[in-house]
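Single-structure report; data block below.
Protein chains: 2
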Amino acid sequence: MPDMPSQHVPMPLGEFELIRRYFDRPGSGIGDDCALLRPTPGLQWLVSTDMLVEGRHFLSTVSPQALGHKALAVNLSDLAASGATPRVFFLALALPRADAAWLEAFAQGLFALADEHGIQLVGGDTTAGPLNLCITAMGEAPRAIARSGAQVGDEIWVSGVLGDARLALEVFRGHVALEAEAFAACRERMERPTPRVALGQALQGVASSCIDLSDGLIGDLGHVLSASGVGATLKLDALPRSSWLAAQAPALQHTCLLTGGDDYELLFTVPPGRPLPVVDVPLTRIGRIVEAPGLHLRDAQGHAVAFEGRGFDHFASS
Amino acid sequence: MPDMPSQHVPMPLGEFELIRRYFDRPGSGIGDDCALLRPTPGLQWLVSTDMLVEGRHFLSTVSPQALGHKALAVNLSDLAASGATPRVFFLALALPRADAAWLEAFAQGLFALADEHGIQLVGGDTTAGPLNLCITAMGEAPRAIARSGAQVGDEIWVSGVLGDARLALEVFRGHVALEAEAFAACRERMERPTPRVALGQALQGVASSCIDLSDGLIGDLGHVLSASGVGATLKLDALPRSSWLAAQAPALQHTCLLTGGDDYELLFTVPPGRPLPVVDVPLTRIGRIVEAPGLHLRDAQGHAVAFEGRGFDHFASS
């Protein structure tokens, strides 16, 4: 669709040339009104859409390369939670200006991750406007893993470690100081999260439910519990964390672990005794599904712990 | 994914409540990490993504109801150009604030058009940020109509009338004055375009190529010509226009007809002698596909007409 003609801003690079130069790779099929897909007969299609806004989902200090990575990673993480194999994605991009160096770095970060997971950019849209990235990613699975399958007695597991992305944000906000090496590692977790695609696929037939930890453990586990009509007990001490997070004050650790968000690890439930897949990311058992509704936090001695935080809400007032 | 906690703005309505109240209709399946689709075996899937930015794709004077209509209409128009039957769509929405009256009107406009075409909202994303709407719409077809099928000798047709949306914009810009009734009609065309979905479906097996007129006749026909490796002659006098556009100065008429954009009519090519479908929108023959590359404009006497304009480019410097 056209811009309003009166709003044109001088740009060194045209829209179609911009697409051709940075985003149209051989065989992509980009250019028609619609992208044409031929779904594999008998498989389900899983679709995820995420919109990233500067200052809300990423800091203005992020490199365009990391931003290209993260914009796709958050969608791959959603596909991973469904156990899907990534296939194609669509990129809609609003840019304040068509800056060649920025676009080149952004495309590099985007396609490096896309190639790693064999997912192809097949369409999208570009326009001038406040920086905004919207990616819709699609994958296939024989049978998607849902949030709603958790059963009383199931074990609750998570991949990787939690809370580092939030810890990096606390450093950017000036609330915490970290050694350079620890900060670099946390910042990498915040800016270049690793979607657990292979784990998600390996959980097909194993996990009774799965979700990716994007909005914080309490909020995201809460979605599983309400969708499944169950409750959970969580062992606070069992939550996997890095050595630098473990060195922080307990209150900050709990904030980062329980409500930090931006982890992009998978949280999943497994019936007791069912063997876990062998994958190259650590898996930690953190609790159990119970009948009593709600989320029950326990300390190392098994005593109840109160926690006031909650998951992120983009329009919340706190 | 989470907002940056430091950026929270007080909002009267939470994100999940916002989705539940305005966008989650019975049976939509909204809420999992991914939407789950079961494609019809043997059919192709067509996918369109369009991003709308305030001040660029719509004026701040537009009603939220019209905006809800238009955001979906531009995607349905892309599906129509492929001859697809609309099935599902995804909405990503960045909003400066969660305003109940705005959301209610927006959802009303959106779902009125969705229901008309039997397309279902099955997923998306909401976040705070500068107003931005990104819709990804999906449809099915036995065999998509492409831009690349135009053959030398084919007739070129368009649906409806062209140029009214641009004429309305010229009124908003203060360049033209119109009678109230004519302005209301033009403004309706700009703010509430009618996607030609039934026509697109009826053109399966009839049209050799098809495109929707979103960026202006010259630019969009240019896409067909370059994709098909052919040229075209266009009869300027044959271009269908409203009586109020026909009453304007010839230069303005040509601008509105040839480069106006925002028409959302279909332009398609048909081999000579092949019968057209019977549809409830007027169809006009405006030219012919020829071997000589490029677009050749002709006046009523068949003489060549020079025209400097071109289609819209979101990053163009003119």
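These protein sequences, in sequence, are chains U and E. With our numbering, you'll find the first sequence wraps up at 322, consecutive numbering, no jumps. With our numbering, you'll find the second sequence wraps up at 322, consecutive numbering, no jumps. Glycine included, C-beta positions come from ideal geometry on N, C-alpha and C. Computed from a prediction, not measured in an experiment: that's the story for all the values here.
Check whether the Cβ atoms of residue i and residue j sit closer than 9 angstroms, and answer yes or no.
i, j, result
"E/Gly291", "E/Ile160", "yes"
"E/Asp266", "E/Ala169", "yes"
"E/Gln48", "E/Pro197", "no"
"U/Gly298", "U/Gly235", "yes"
"E/Leu97", "E/Gly128", "yes"
"E/Asp82", "E/Ala141", "yes"
"U/Thr273", "U/Ser218", "no"
"U/Ala77", "U/Pro199", "yes"
"E/Arg91", "E/Gln124", "yes"
"E/Phe176", "E/Thr44", "no"
"U/Thr89", "U/Glu144", "yes"
"E/Thr130", "E/Leu99", "yes"
"E/Ala132", "U/Val201", "no"
"U/Ala2", "U/Ala231", "Any question about residue 2 of chain U goes unanswered here, given that chain U covers just 5 to 322."
"U/Leu114", "U/Glu195", "no"
"E/Ser246", "E/Ala188", "no"
"E/Ala102", "E/Glu19", "yes"
Looking only at its chain, what residues have a beta carbon closer than 6 angstroms to the beta carbon of residue i, apart from the 5 residues adjacent to it on each side?
i, result
"U/Arg191", "Ala172"
"U/Trp106", "Pro68"
"U/Asn136", "Val57, Ala98"
Leaving out five residues before and five after residue i in sequence, what residues of the same chain have Cβ atoms less than 7 angstroms from its Cβ?
i, result
"U/His227", "Arg151, Ile215"
"E/Cys260", "Gly167, Arg170, Leu171, Leu249"
"U/Val156", "Val234, Ile293, Val294, Glu295"
"U/Thr237", "Gly291, Arg292, Val294, His300, Arg302"
"U/Arg338", "Because chain U in this structure spans residues 5 to 322, residue 338 of chain U falls outside the shown range and cannot be described."
"E/Val323", "This structure leaves residue 323 of chain E out entirely; chain E is present only between 5 and 322."
"U/Leu63", "Phe176"
"E/Gly122", "Pro90"
Give every residue of the same chain whose Cβ lies closer than 8 angstroms to the Cβ of residue i, excluding the five residues on either side of it in the sequence, and list them in chain order.
i, result
"E/Asp119", "none"
"E/Asp241", "Asp303, Ala304"
"E/Phe311", "Ile222, His258, Leu262, Leu301"
"U/Ser322", "Reliability fails at U/Ser322, whose pLDDT of 33 lies under 50, so the model's placement of it is uncertain and the value that follows must be treated cautiously. For U/Ser322, where only same-chain residues beyond five positions count, there are no Cβ hits under 8 angstroms."
"U/Pro244", "Val162, Gly164, Val165, Leu166, Pro286, Thr288, Ile290"
"E/Gln208", "Gly87, Ala145, Pro146, Arg147, Ile149"
"U/Gln252", "Leu171, Val180, Cys260"
"U/Pro254", "none"
"U/His307", "none"
Using 8 angstroms for Cβ pairs, my map puts residue i next to residue j. What's the rounded Cβ distance?
i, j, result
"U/His73", "U/Ala116", "7 angstroms"
"U/Ile23", "U/Phe94", "Between U/Phe94 and U/Ile23 the Cβ distance is about 13 angstroms, and since that is not below 8 angstroms, they are no contact."
"E/Leu280", "E/Val210", "7 angstroms"
"U/Gly204", "U/Ala84", "3 angstroms"
"E/Val126", "E/Ala206", "Rounded, the Cβ-Cβ distance is 26 angstroms, inconsistent with contact."
"E/Leu41", "U/Val165", "Actually they are not in contact, since the Cβ atoms of E/Leu41 and U/Val165 sit about 34 angstroms apart, beyond 8 angstroms."
"U/Pro134", "E/Pro275", "With a Cβ gap of about 46 angstroms, U/Pro134 and E/Pro275 do not count as contacting."
"U/Asp37", "E/Ser86", "6 angstroms"
Could you list which residues in chain E have their beta carbon closer than 8 angstroms to that of residue i, in chain order?
i, result
"U/Cys38", "Leu50, Val51, Ser52, Asp82, Leu83, Ala85, Ser86, Ala88, Gly143, Ala148"
Can you pull the chain U neighbours of residue i, defined as C-beta to C-beta under 8 angstroms?
i, result
"E/Gly128", "Thr53"
"E/Ala242", "Here the premise fails: no neighbours, minimum Cβ distance about 23 angstroms."
Could you work out which residues of chain E lie near residue i, taking near to mean beta carbons separated by less than 7 angstroms?
i, result
"U/Ile215", "Asp37"
"U/Asp245", "Going by the sequence as given, residue 245 of chain U is Arg instead of Asp. Under the 7 angstroms cutoff, chain E gives no residues; its nearest Cβ is about 18 angstroms from U/Arg245."
Interface residues of chain U around residue i at Cβ under 7 angstroms?
i, result
"E/Ala96", "Thr53, Met55, Cys138"
"E/Pro43", "Pro43, Trp49"
"E/Arg25", "Under the 7 angstroms cutoff, chain U gives no residues; its nearest Cβ is about 12 angstroms from E/Arg25."
Please list, in chain order, the chain U residues whose beta carbon lies closer than 9 angstroms to that of residue i.
i, result
"E/Arg91", "Ordered by position in chain U, no residue passes the 9 angstroms Cβ test against E/Arg91, which lies about 11 angstroms from the chain."
Mind pulling the chain E residues with CB within less than 9 angstroms of residue i?
i, result
"U/Arg29", "Going along chain E, no residue has its Cβ under 9 angstroms from U/Arg29, so there is no contact; the nearest lies around 17 angstroms."
Enumerated in chain order, which unbroken segments of the beta strand (DSSP E) with a length of 3 residues or greater are wholly contained in the region 229-256 of chain U? Residue ranges of uninterrupted beta strand (DSSP E) with 3 or more members, entirely inside the region 229-256 of chain U and ordered along the chain, are 235-239.
Taking only runs that begin and end inside the region 75-111 of chain E, name each unbroken beta strand (DSSP E) of 3 or more residues, in chain order. You should have 89-99.
Just list the alpha helix (DSSP H) runs in the region 184-235 of chain E, keeping only unbroken ones of 4 residues or longer that don't cross its boundaries, in chain order. Correct list: 184-195, 201-206, 221-232.
Using Cβ-Cβ distances below 8 angstroms, what residues of the region 185-209 of chain U are close to chain B? Here chain B cannot be found, since the structure's protein chains are U and E.
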